[in-house]
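Engineer: Numbering (my numbering), first residue to last: 36 to 294.
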Ligand code: F6R
């Protein structure tokens with residue numbers, strides 16, 4: 036695990052976008068795993084900026100998103116399908132037919148999740164997975180108590196995640212937030228060949244501490260990433276503030292990245 040600590044989220048997002056863009060340039064048929072939420076918005080802006088200014092093309096790329104709320108149509112303002120179309124897909128040359136988001140309206144949720152796993156496998160697995168982190172240490176919607184071997188399935192959101200996400204829903208009401216989601220499992224996520232997690236702001240400091248320096252435990256599902264051999268954590272100073280070895284990580288990653 037490499038922890039890159041930047042002064043600001045702008046700086047961290049730019050560096051992460053350069054890493055994603057280099058991977059796409061190197062493998063135009065890349066299979067991407069993508070996240071939603073407020074954290075990757077700047078990353079996606081930077082990726083689009085780089086694609087416009089360079090030869091980086093997503094024409095042959097494919098993507099699978101981490102999760103989707105149960106009960107929301109892809110056209111709903113807070114659906115993750117809509118988020119992706121607005122924040123990334125409409126700004127790069129990826130073919131919409133090659134982008135995949137779980138269907139929160141599927142009649143048979145179990146079948147929807149099993150089919151998603153099959154699709155990812157048939158595509159050769161995720162080459163590069165983008166992640167955010169919840170304030171409770173979740174990745175995708177793998178809330179505390181999720182098995183570290185879990186696969187794509189229907190999950191129940193914790194009250195703290197519902198509270199965190201309510202700001203985006205009608206009048207910020209918690210009652211508007213779906214209580215269930217379809218989510219890739221931790222076991223699904225850690226099979227990605229490369230992982231980039233972004234974390235910004237002091238509200239993520241405890242989660243980052245648990246992810247990087249805590250024990251590997253299902254009570255902070257991001258901690259499973261400690262066992263991955265190509266995982267990059269991009270933080271700003273606030274989210275990295277509780278790390279014991281932050282100076283060492285900053286020096287080491289800067290040396291590796293030639294910063
Ligand atoms: C979203 C996702 C979630 C978010 C996390 C942080 O696809 O998988 O794990 O990354 O809840 O959300 P934000 O970025 O809004 O703080």
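We put the CB at the ideal spot given by N, CA and C, even for glycine.
Helix, strand or coil for residue 293, going by three-state DSSP, please let me know.
Structural biologist: Position 258 of the chain shown, counting from 1, holds the residue named residue 293. Coil, per DSSP.
Engineer: In angstroms, rounded to a whole number, what distance separates the CA positions of residue 105 and residue 294?
Structural biologist: Translated into the one-based positions of the chain shown, residue 105 becomes position 70. Translated into the one-based positions of the chain shown, residue 294 becomes position 259. Using only the alpha carbons, I get a separation of about 42 Å.
Engineer: Could you compute how far the alpha carbon of residue 271 sits from the alpha carbon of residue 257?
Structural biologist: One-based indexing of the chain shown puts residue 271 at position 236. One-based indexing of the chain shown puts residue 257 at position 222. Computed Cα separation, rounded: 17 Å.
Engineer: Taking the beta strand (DSSP E) that residue 155 falls in, what are its first and last residues?
Structural biologist: Here residue 155 is taken as the residue at index 120 of the chain shown, counted from 1. It is not in any beta strand (DSSP E) - residue 155 instead sits in the alpha helix (DSSP H) that spans 144-157.
Engineer: Which of the three DSSP states is assigned to residue 139 in this structure?
Structural biologist: The count along the chain shown starts at 1 and reaches residue 139 at position 104. Correct three-state label for residue 139: coil.
Engineer: Assuming the contact rule is C-beta atoms closer than 8 Å, residue 58 and residue 163 should be a hit. Round their C-beta distance to whole Å, please.
Structural biologist: What you label residue 58 is simply residue 23 of the chain shown in a count that begins at 1. What you label residue 163 is simply residue 128 of the chain shown in a count that begins at 1. Between residue 163 and residue 58 the Cβ distance is about 5 Å, and since that is below 8 Å, they are a contact.
Engineer: May I ask you to check if the CB of residue 98 is nearer than 7 Å to at least one heavy atom of ligand 1?
Structural biologist: Position 63 of the chain shown, counted from the first residue, corresponds to residue 98. Flag unset: Cβ of residue 98 not near ligand 1.
Engineer: For residue 68, which three-state DSSP category applies?
Structural biologist: Stepping through the chain shown from its first residue, residue 68 is reached at position 33. Strand, per DSSP.
Engineer: Can residue 173 be considered in contact with ligand 1, in the sense that its beta carbon sits closer than 7 Å to one or more heavy atoms?
Structural biologist: Within the chain shown, residue 173 is the residue found at index 138, counting from 1. Answer for residue 173: yes, Cβ within range of ligand 1.
Engineer: Indicate the three-state DSSP secondary structure (helix, strand or coil) for residue 134 in the structure shown.
Structural biologist: Working through the chain shown from its first residue, we reach residue 134 at position 99. Reduced to three states, the DSSP call for residue 134 is strand.
Engineer: Where residue 88 and residue 120 are concerned, what is the direct C-alpha to C-alpha distance, given to the nearest angstrom?
Structural biologist: What you label residue 88 is simply residue 53 of the chain shown in a count that begins at 1. What you label residue 120 is simply residue 85 of the chain shown in a count that begins at 1. Each residue's alpha carbon lies about 20 Å from the other.
Engineer: Should residue 265 go down as buried or exposed, given a rule of 16 or more other Cβ atoms within 10 Å for buried?
Structural biologist: Indexing the chain shown from 1 puts residue 265 at position 230. Answer is exposed; the Cβ neighbour count stays below 16.
Engineer: Just to confirm the assignment, what range does the beta strand (DSSP E) spanning residue 234 have?
Structural biologist: Mapped onto the chain shown, residue 234 falls at position 199. Counting along the chain, the beta strand (DSSP E) containing residue 234 begins and ends at 229-234.
Engineer: Provide the residue span of the beta strand (DSSP E) that contains residue 104, from first to last.
Structural biologist: To locate residue 104, count along the chain shown from 1; it is residue 69. Looking at the DSSP string, the run of the beta strand (DSSP E) that includes residue 104 is 102-104.
Engineer: Where does residue 184 land, buried or exposed, given buried means 16+ other C-beta within 10 angstroms?
Structural biologist: Counted from its first residue, the chain shown places residue 184 at position 149. The residue in question, residue 184, is exposed, as its Cβ has fewer than 16 Cβ neighbours within 10 Å.
Engineer: In terms of alpha-carbon separation, which member of 46, 42, 144 lies closest to residue 215?
Structural biologist: On the chain shown, residue 215 is found 180 positions in, with the first residue counted as 1. Answer by Cα proximity: 144.
Engineer: Are residue 161 and residue 226 close, meaning C-beta to C-beta below 8 Å?
Structural biologist: The residue labelled residue 161 in the question sits at position 126 within the chain shown. The residue labelled residue 226 in the question sits at position 191 within the chain shown. Their beta carbons are under 8 Å apart, which means residue 161 touches residue 226 by this criterion.
Engineer: Kindly identify the DSSP beta-bridge partner or partners of residue 191.
Structural biologist: Looking up residue 191 in the chain shown gives position 156. Partner(s): 215.
Engineer: Does the region 283-294 come close enough to the region 194-210 to have 3 or more Cβ pairs within less than 8 Å?
Structural biologist: Contact fails: fewer than three Cβ-Cβ distances are below 8 Å.
Engineer: Judging by CA-CA distance, which residue of 68, 129, 42, 66 is the nearest neighbour of residue 83?
Structural biologist: Locating residue 83 in the chain shown gives position 48, counting from the first residue. If we check each option's Cα against that of residue 83, 129 comes out closest.
Engineer: Among 90, 53, 111, 261, which residue has its Cα nearest to the Cα of residue 205?
Structural biologist: Sequence index remark: in the chain shown, residue 205 carries index 170 (1-based). It is 111 whose Cα lies nearest to the Cα of residue 205.
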